[in-house]
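These protein sequences, in sequence, are chains L and H. Quick note on the numbering used here: the first sequence kicks off at 212 and runs consecutively. Quick note on the numbering used here: the second sequence kicks off at 726 and runs consecutively. A virtual CB, placed ideally from N, CA and C, is assigned to each residue, including glycine. Since this is a predicted model, take the numbers as computed values, not measurements.
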Amino acid sequence: MADDAAKLDSACEALKAYNWGADKNALQPIEDAIVSTSSDAAARAALEARLIAVLESDVSRDAKDYVCRALAVIGSTASVPSLATLLAKEELSHMARFALERIPSVQAADALRAALATVSGDLKVGVLSSLGNRGDAASVTQIAAALGDADSKVAAAAAAALGSIRTPEAAKALAAAKPIAAAMSIVIDSRLACAEAFLAQGKMEDARAIYMLLVGESNPKLIRLAATRGIQTCLEQKR
Amino acid sequence: MPRTEALESVALVTKVLAVVKRNPQYRLNCHRIVIALVAIVLAIMLLDWRLAVADDNQQDELIKMVADLISGEDKDFRAVGFESVRSGAKSAEATRHFAALLPKLSPESQIGLLSALADRGDREARPALITLISMTQNEAIREAILRAFGTLGEAADVPVLVKSLSASQRERTASHISLKQLQGTEIANAILAVLPTCSAELQSDLLEILADRRETTTMPVMIQAAVNKDAIVRTAAMRALSKIAGPEQVAGMVCGVLRAETGRERDEAERAIVSACLRNPDVTAQAAPLIQAMQGLAAADAAVIVGTLGRVGGPDSLQIVETWIKDSDAGKQQSGLRALCNWPNASIVPRLLELFQQADLPATRAMLLAALIRVAPLPDERPNQERLALLEKTLLLCQENDDRNRVIERARAIRTIETLRFLLPFVENPVTSEKACGSIVELAHHRDLREPNKLEFDKALDIVLATSKNAESLERAKRYKIGQTWERPKVTSKQ
Chain L
212 MADDAAKLDS ACEALKAYNW GADKNALQPI EDAIVSTSSD AAARAALEAR
262 LIAVLESDVS RDAKDYVCRA LAVIGSTASV PSLATLLAKE ELSHMARFAL
312 ERIPSVQAAD ALRAALATVS GDLKVGVLSS LGNRGDAASV TQIAAALGDA
362 DSKVAAAAAA ALGSIRTPEA AKALAAAKPI AAAMSIVIDS RLACAEAFLA
412 QGKMEDARAI YMLLVGESNP KLIRLAATRG IQTCLEQKR
Chain H
726 MPRTEALESV ALVTKVLAVV KRNPQYRLNC HRIVIALVAI VLAIMLLDWR
776 LAVADDNQQD ELIKMVADLI SGEDKDFRAV GFESVRSGAK SAEATRHFAA
826 LLPKLSPESQ IGLLSALADR GDREARPALI TLISMTQNEA IREAILRAFG
876 TLGEAADVPV LVKSLSASQR ERTASHISLK QLQGTEIANA ILAVLPTCSA
926 ELQSDLLEIL ADRRETTTMP VMIQAAVNKD AIVRTAAMRA LSKIAGPEQV
976 AGMVCGVLRA ETGRERDEAE RAIVSACLRN PDVTAQAAPL IQAMQGLAAA
1026 DAAVIVGTLG RVGGPDSLQI VETWIKDSDA GKQQSGLRAL CNWPNASIVP
1076 RLLELFQQAD LPATRAMLLA ALIRVAPLPD ERPNQERLAL LEKTLLLCQE
1126 NDDRNRVIER ARAIRTIETL RFLLPFVENP VTSEKACGSI VELAHHRDLR
1176 EPNKLEFDKA LDIVLATSKN AESLERAKRY KIGQTWERPK VTSKQ
């Protein structure tokens, strides 16, 4: 045990000086600790605290990348504040999202949602995407607000996120959306995704309402075909 | 489901009433309990009824939607409608509605709907097919109707399908497939009922269909047809029997062999008997039914059947064949020799060689030599070197170039690099050159032989390219040299 602790200490020290291309074997004790603490909450919390300390220190981008990957596996609410501060940093935002997407606590979603108000451009696209990947129903209102964004990438990312969340509220927001033309195809795809989710859940009326919206002549033919098939599927289901 | 629940509720009411009857303290509230329970049951039944009505409305809406889609001009939307016909709205009523659309549609939509109804497989659509086929002369639509009969038809549709076997090629093909596909125990009888009224060509088709349907109960009719006065019917009957007959039918099939004209028909009939004999899983008893059938035959007929016996092979057959070869009667000797020359494997090679050395008559020597050339390279448990050595030995017995060419042609059956080396010298001789080139490209066709010996094969193929005048050999040599394969021309079963 003492031997393992010494090795972990040494690995944490090595991590502080870590850069891509350096010998990764030096970090192996951290990997081993991630595995060995899976059934020991206290040891895992201690490991998480050590990694957070590295993340908050002045280490290389590569070392912070490594920590984010590790926190994606073992991270808890305790990691959220440190990761949240990285969301606005161009170089590390994606790795912070990588971890926050996977941390199951509500605070992780809250942090991502809060970041929507502070980031823009590609970083906002990423945060929207992460909220979608989490299937975070509580974020629908904030995501829906981005549907009208003048940046087509942001509007499209918001639509895609709502299509991943697939709740009735997400569907409502998509139905009401009037995005700029460049994001419209994603909005339609997401409407179809919601309808399919409702079909799978047996919510035929909800699914049908979306399909009816998409069979109109103003929609592309492929969408009308998909919607027509969807309506048929709704009608084919016995109540 | 609510209907089931209602029934369960009625059962529950009955049980509760039984408990109330047994316990006087509950009797005061008995009428209230009954009223409450009856109300629950009625509510469930009302819900059930309302859902049933909703389901009906939903189905009506779906049927209308599908009708609109398949009546439309856009083929992609029609396809969506056909998909619903194939797998949606699963009720007889829906099928009748869809089928009723047929006469109102454009020809293209009719064909699509017929295909979808066929895939749906609900025989409720059958009356619409019968009406439509009587109304249309459009070949493509008739073809689609005939194809749909395959899954939607029944025994009563057999005459229409049989009649269409004499129509255009498309209708003929569709009817042929549907006659094979029709389900039901009465189909075979329906086909047999029309069989006597058909032309020889049609009878031939129907016999093939019966065999492909594996209608084993019709084998007595096939055996009868094997002695028909028309060679087309006889050949078809024996061909059909070759697909399904077993040892029990061999005695009957013997009459077919005897009735067959010498040459191709007889040859095919004999092969049919061999197929039937070989279906006996007991290898040692495969010739037994034929030997038994031979015993009751007149000498002339037995002389024909002994040749067939040779094709089956086996120790019992060999014993009989040897008796014939040693007979003092020259005719019987010849029949015995013919039987030995038909042998299915190389086990009789030493005997063939012995008889070849003893034979005086050129015709007998030619027959024995042809048999040696045929059996020497047959694939069996012998090593390839032994098979090739036997072929080389046979080559030495050849006096005629035609025989040498046959040896060279048969060599391709021994797929070894030594065979390639054996063949190369014959390319230089103009008399044997083309056959040798043909065998070389055939060996090269087999990648597992060609690739490990690429250098040698490339040289040989270059020689073929420089020597051969045969377009097929040249094409094949070119392809194999650059690592491509070559697709053999397809041979139809009736060729």
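Residue i: CB within 6 Å of a non-hydrogen atom of the ligand SAM
{"i": "residue 1112/H", "result": "As far as ligands go, the structure on display features none, and thus does not contain the ligand SAM."}
CB of residue i within 7 Å of CB of residue j, strictly
{"i": "residue 811/H", "j": "residue 844/H", "result": "yes"}
{"i": "residue 920/H", "j": "residue 962/H", "result": "no"}
{"i": "residue 374/L", "j": "residue 401/L", "result": "yes"}
{"i": "residue 958/H", "j": "residue 980/H", "result": "no"}
{"i": "residue 398/L", "j": "residue 368/L", "result": "no"}
{"i": "residue 1142/H", "j": "residue 1164/H", "result": "no"}
{"i": "residue 1028/H", "j": "residue 1060/H", "result": "yes"}
{"i": "residue 365/L", "j": "residue 357/L", "result": "yes"}
{"i": "residue 1240/H", "j": "residue 1140/H", "result": "Shown here, chain H extends from 726 to 1220; a query on residue 1240/H therefore has no answer."}
{"i": "residue 446/L", "j": "residue 787/H", "result": "yes"}
{"i": "residue 909/H", "j": "residue 876/H", "result": "no"}
{"i": "residue 794/H", "j": "residue 813/H", "result": "no"}
{"i": "residue 273/L", "j": "residue 231/L", "result": "yes"}
{"i": "residue 912/H", "j": "residue 939/H", "result": "no"}
{"i": "residue 1152/H", "j": "residue 1158/H", "result": "yes"}
{"i": "residue 880/H", "j": "residue 915/H", "result": "yes"}
{"i": "residue 993/H", "j": "residue 956/H", "result": "no"}
{"i": "residue 1225/H", "j": "residue 1066/H", "result": "Lying outside 726 to 1220, the shown extent of chain H, residue 1225/H is not represented and no answer is given."}
{"i": "residue 826/H", "j": "residue 865/H", "result": "no"}
{"i": "residue 318/L", "j": "residue 288/L", "result": "yes"}
Rounded Cβ spacing between residue i and residue j (contact assumed at less than 8 Å)
{"i": "residue 998/H", "j": "residue 982/H", "result": "6 Å"}
{"i": "residue 1230/H", "j": "residue 1011/H", "result": "No answer is possible for residue 1230/H: it lies beyond the span of chain H, which begins at 726 and ends at 1220."}
{"i": "residue 301/L", "j": "residue 334/L", "result": "7 Å"}
{"i": "residue 425/L", "j": "residue 372/L", "result": "Actually they are not in contact, since the Cβ atoms of residue 425/L and residue 372/L sit about 19 Å apart, beyond 8 Å."}
{"i": "residue 824/H", "j": "residue 853/H", "result": "4 Å"}
{"i": "residue 868/H", "j": "residue 819/H", "result": "In fact, because the Cβ distance is near 25 Å, the residues do not count as touching under 8 Å."}
{"i": "residue 436/L", "j": "residue 801/H", "result": "6 Å"}
{"i": "residue 1090/H", "j": "residue 1084/H", "result": "5 Å"}
{"i": "residue 1063/H", "j": "residue 1092/H", "result": "7 Å"}
{"i": "residue 278/L", "j": "residue 262/L", "result": "5 Å"}
{"i": "residue 1044/H", "j": "residue 1001/H", "result": "About 21 Å separates the two Cβ atoms, so there is no contact after all."}
{"i": "residue 1014/H", "j": "residue 976/H", "result": "6 Å"}
{"i": "residue 1161/H", "j": "residue 1148/H", "result": "5 Å"}
{"i": "residue 1071/H", "j": "residue 1100/H", "result": "5 Å"}
{"i": "residue 1206/H", "j": "residue 1183/H", "result": "6 Å"}
{"i": "residue 348/L", "j": "residue 312/L", "result": "Their Cβ separation, rounded to whole angstroms, is 15 Å, which puts residue 348/L and residue 312/L out of contact at 8 Å."}
{"i": "residue 393/L", "j": "residue 363/L", "result": "4 Å"}
{"i": "residue 917/H", "j": "residue 946/H", "result": "6 Å"}
{"i": "residue 382/L", "j": "residue 417/L", "result": "7 Å"}
Listed by chain order, chain B residues near residue i by CB distance under 9 Å
{"i": "residue 407/L", "result": "In summary, chain B is missing from the structure at hand, where the protein chains are L and H."}
Contiguous alpha helix (DSSP H) assignments of at least 4 residues, all confined to the stretch 1012-1045 of chain H: 1013-1020, 1024-1037
The stretch 412-430 of chain L: positions lying closer than 8 Å to chain H by Cβ: none
Contiguous alpha helix (DSSP H) assignments of at least 4 residues, all confined to the stretch 937-1006 of chain H: 944-950, 956-969, 975-984, 989-1003
Unbroken stretches of the beta strand (DSSP E), 3 residues or longer, contained in the stretch 1162-1212 of chain H: none
Positions along the stretch 868-898 of chain H whose CB lies within less than 9 Å of some CB in chain L: none
Uninterrupted alpha helix (DSSP H) stretches inside the stretch 1107-1149 of chain H (no shorter than 4 residues): 1109-1122, 1126-1135
Proximal residues, the stretch 798-816 of chain H versus chain L, C-beta separation under 9 Å: 799, 801, 802, 804, 805, 806, 808, 809, 812, 813, 814, 815
Whole alpha helix (DSSP H) elements within the stretch 867-952 of chain H, 4-residue minimum: 883-889, 894-906, 912-919, 925-937, 944-950
Contiguous alpha helix (DSSP H) assignments of at least 4 residues, all confined to the stretch 227-253 of chain L: 239-247
Where the stretch 944-961 of chain H meets chain L: residues whose CB sits under 7 Å from a CB there: none
Where the stretch 817-832 of chain H meets chain L: residues whose CB sits under 9 Å from a CB there: none
Interface residues of the stretch 835-856 of chain H facing chain L [CB-CB below 8 Å]: none
Every unbroken beta strand (DSSP E) inside the stretch 1041-1077 of chain H [3 residues or more]: none
Runs of alpha helix (DSSP H) wholly within the stretch 401-431 of chain L (minimum 4 residues, chain order): 415-425
Ranges of the alpha helix (DSSP H) found wholly within the stretch 770-844 of chain H, counting only runs of at least 4: 800-812, 817-825
Contacting positions in the stretch 390-404 of chain L - beta carbon closer than 8 Å to chain H: none
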